[in-house]
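Down below is the structure, laid out as structure tokens.
Residue numbers (this note's numbering): 16 to 767.
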């Protein structure tokens, strides 16, 4: 390792990291400050714009209310609208009213038929206005009509070349002395009144701040604003708050490619005057509104770049001080790896962390050196287990192979055939037990074993376990002495798993005790717990072995005598099962040749319940009824053929196929009543084959059985979910298969 090169690389990296970190902090700070400043500026300006809009709206509403009230009062004054004054006097009154408020473009009184009786300056006197909206609305209770162009009145009032005149109408019906509706009092209010209010309230602010003010109607049509926009319709592109809200501010776009900060206020009317539902918009382009913030952001970024440069220079100095002792540690680690030294040298450095790193590395090296022996021991145990596994698998395979060879040499008589069959069956069960033990260990390790805990009698558990191991005990001529508590010993437990634990302990004692030995089995209640002891006078255990007795694949010096058998998983599995029962499994031994004693301690059942019913014996194989076509599909020809011979021996007609496609064709020609299907097959697996078979004519009610080496609970659920009726694990339980075949013994329906 080149220590100088390593130091330079770390220095460069630290310098870049510090510079990047400083720059990132400044950028983040700039973004945060920019966001805060933008939000604050937006809030302040938005509220100011909204306040201007509100003041303008209020002035418009109040002014319109005054005109609304004037016309309403005139309509109820009998002397003006009724017959108290002559026509000339009424005209003078209307003209004086127009002079008082010049924005009244027209004032007039009609008869009930809509003909103008009298008006200011005689405009439209004698004209029929019954078709005008303001006249009809007056009778409907709608006394205020929104801005519009009056063509006839514009011709009379508009100067040549002037822009079109627009008006707001106020109209009320009036009554005669008898209380009958006698006509309508109407007023046309020029839109100039609103424009003048906009100029008086907003123009100074608009000029100083370069704002833009608009008055829009309910449909967002521009009523007052820049000349080029009057009469156009705004289309909000944002949330539309400026067109739908009452009073506030928002960031909006209006289809012109620009974004605006908009203050808005909607006309609500004043007092009993309803208002025109106008909205005042005070807006400014966002780029202008936020211009000071953009300048502030540029200044912050510039300062940040300077700070990042200074941070990089400072980081270079600090990195040199940090990297030098790190380089020494790295070189020391390399020399330790090469075996040149055994410990870390002292490193001089001004940083406490460097010293802590040196101490941590030294501690790690000590631990690694201490664990090296344990790792070698674990590797040795693994190798021994693999050798033992190979030996244990060859043991049952040898007699199976010999029996198969003998059966192929010459047709055996019935007695020989039965003998060979029994031999093969025993060896297959032995292999199955070994595989089941390994699978159980895996399930416990993964937490997949679910205990069926019920009130369980340990006397019954012991009796069943003794029954299982008696053949081995008898074959080795051991004495099995039992001291069983007379009173019921009840625990909350899984009967099957507890039998497995006790059988494992008894089997272990019988296996590792020389012929003619003694095994003591004691069941008692001690200190409120159930205790079961299995003691033997066998080969015993060394102190080292006791420490690892419940680890996987532990086999004392027994490894030198492979004829004793076993994979070294029984004690580990038993320990885990007892722990799942909230119990303890311990072992003690005085040493090699001094025997061993295993003790199981389990919590008693708090409330005594009746002992669990002993497991019922399996029913005897059902007598196979004749009939019922059975289709067997397995790409393993030996497995398919032997299963076919078994089905034939049970009285069924059998079709055997070694591939899914051929099986489908056979089933089309002659639908079977029962199908025994392997899962793992080429071209098409058993799940797909089951689905296709089920879809064939005459196969809807067929019994589909998965016969597979996939024996986990998840495999069973998957098979049933794929359409199978039953799931059998290899090697097949003959009694269960016989019962399934018997249940579907009726002949299959004839297929035309």
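Even for Gly, the Cβ is constructed at its ideal location relative to N, Cα and C.
Item, Value
"For residue 121, which beta-bridge partners are listed by DSSP?", "203"
"What does the alpha-carbon distance come out to for the pair residue 707 and residue 739?", "12 angstroms"
"As a quick exercise: from 646, 266 and 328, pick the residue whose alpha carbon is nearest that of residue 302.", "266"
"Within its chain, find whatever has a CB closer than 6 angstroms to the CB of residue 10; leave out the 5 residues flanking it on each side and keep chain order.", "The structure shown does not extend to residue 10, since the chain spans only 16 to 767, so no value can be given for it."
"Going along the chain, which residues of its own chain have a beta-carbon closer than 6 angstroms to the beta-carbon of residue 744, five neighbours each way excluded?", "726"
"Check residue 265 in the structure and name its three-state DSSP category.", "strand"
"Grouping DSSP H, G and I as helix and E and B as strand, with all else coil, what is residue 387?", "helix"
"Under 8 angstroms, with one C-beta from each stretch per pair, do the segment 427-441 and the segment 480-497 reach the 3-pair mark?", "no"
"With a 10 Å radius around its C-beta and 16 neighbouring C-beta atoms as the bar for buried, classify residue 632 as buried or exposed.", "Residue placement at residue 632 is poorly supported in this model, since its pLDDT is 33, which falls under 50; the coordinates are not used for a value here."
"Over the uninterrupted beta strand (DSSP E) stretch that includes residue 534, give me the two end residues.", "533-541"
"Tell me whether the segment 117-133 and the segment 144-152 touch, counting them as touching only if at least three CB pairs, one residue from each stretch, are closer than 8 angstroms.", "yes"
"Who are the Cβ neighbours of residue 719 in its own chain at under 6 angstroms, not counting the five residues just before and after it?", "690, 705, 739 and 740"
"Reducing DSSP to helix, strand and coil, say where residue 508 ends up.", "strand"
"Can you tell me the Cα-Cα spacing of residue 476 and residue 543, whole angstroms?", "19 angstroms"
"As a quick exercise: from 428, 64 and 246, pick the residue whose alpha carbon is nearest that of residue 263.", "64"
"Given this structure, state the Cα-to-Cα distance separating residue 575 from residue 557, to the nearest angstrom.", "Caution applies to residue 575, whose pLDDT of 38 falls short of 50 and renders its modelled position unreliable; the model cannot decide the point."
"Report the rounded CA-to-CA distance for residue 209 versus residue 119, giving the unit in angstroms.", "12 angstroms"
"List the residues that DSSP assigns as beta-bridge partners of residue 614.", "548 and 601"
"Give a yes or no on whether the C-beta atoms belonging to residue 293 and residue 159 are separated by under 8 angstroms.", "no"
"Please report the distance separating the alpha-carbon of residue 696 from that of residue 564.", "42 angstroms"
"Tell me, please, whether the CB atom of residue 168 is closer than 8 angstroms to any CB atom in chain D?", "Of the protein chains in the structure, only one exists, and it is not chain D."
"For residue 140, collect the residues of the same chain with a Cβ closer than 7 angstroms to its Cβ; drop the 5 residues on either side in sequence, then sort them by chain order.", "131, 133 and 134"
"The alpha helix (DSSP H) spanning residue 594 covers which residue range?", "585-595"
"Using only CA atoms, which one of 526, 349, 49 and 549 lies nearest to residue 536?", "549"
"Cutting at 6 angstroms between CB atoms, please list the residues of its own chain near residue 674, excluding the five before and the five after it.", "none"
"Assuming residue 681 and residue 646 are in contact, meaning their beta carbons sit under 8 angstroms apart, how far apart are those beta carbons, in whole angstroms?", "7 angstroms"
"Give the straight-line distance between the Cα atoms of residue 239 and residue 230, rounded to the nearest whole angstrom.", "5 angstroms"
"Measuring CB to CB, does residue 90 end up less than 8 angstroms from residue 188?", "yes"
"Could you tell me if residue 381 is buried or exposed, where buried requires 16 or more neighbouring beta carbons within 10 angstroms of its beta carbon?", "exposed"
"Can you tell me the Cα-Cα spacing of residue 584 and residue 599, whole angstroms?", "17 angstroms"
"Using three-state DSSP, classify residue 281 as helix, strand or coil.", "strand"
"Please name the residue in 606, 724, 43 and 666 whose C-alpha comes closest to that of residue 323.", "43"
"Buried or exposed: residue 630, going by 16 or more other Cβ atoms within 10 Å of its Cβ?", "Any answer about residue 630 is weak, because its pLDDT of 35 lies below 50 and its placement is not dependable; what the coordinates show is given next. Per the 10 Å Cβ criterion, exposed."
"For residue 723, is the classification buried or exposed, using 16 other Cβ atoms within 10 angstroms of its Cβ as the cut-off for buried?", "buried"
"Please return the same chain residues whose Cβ sits closer than 7 angstroms to the Cβ of residue 484, not counting the five positions on each side in sequence.", "518, 521, 522 and 525"
"Are the beta-carbon atoms of residue 300 and residue 275 separated by less than 8 angstroms?", "yes"
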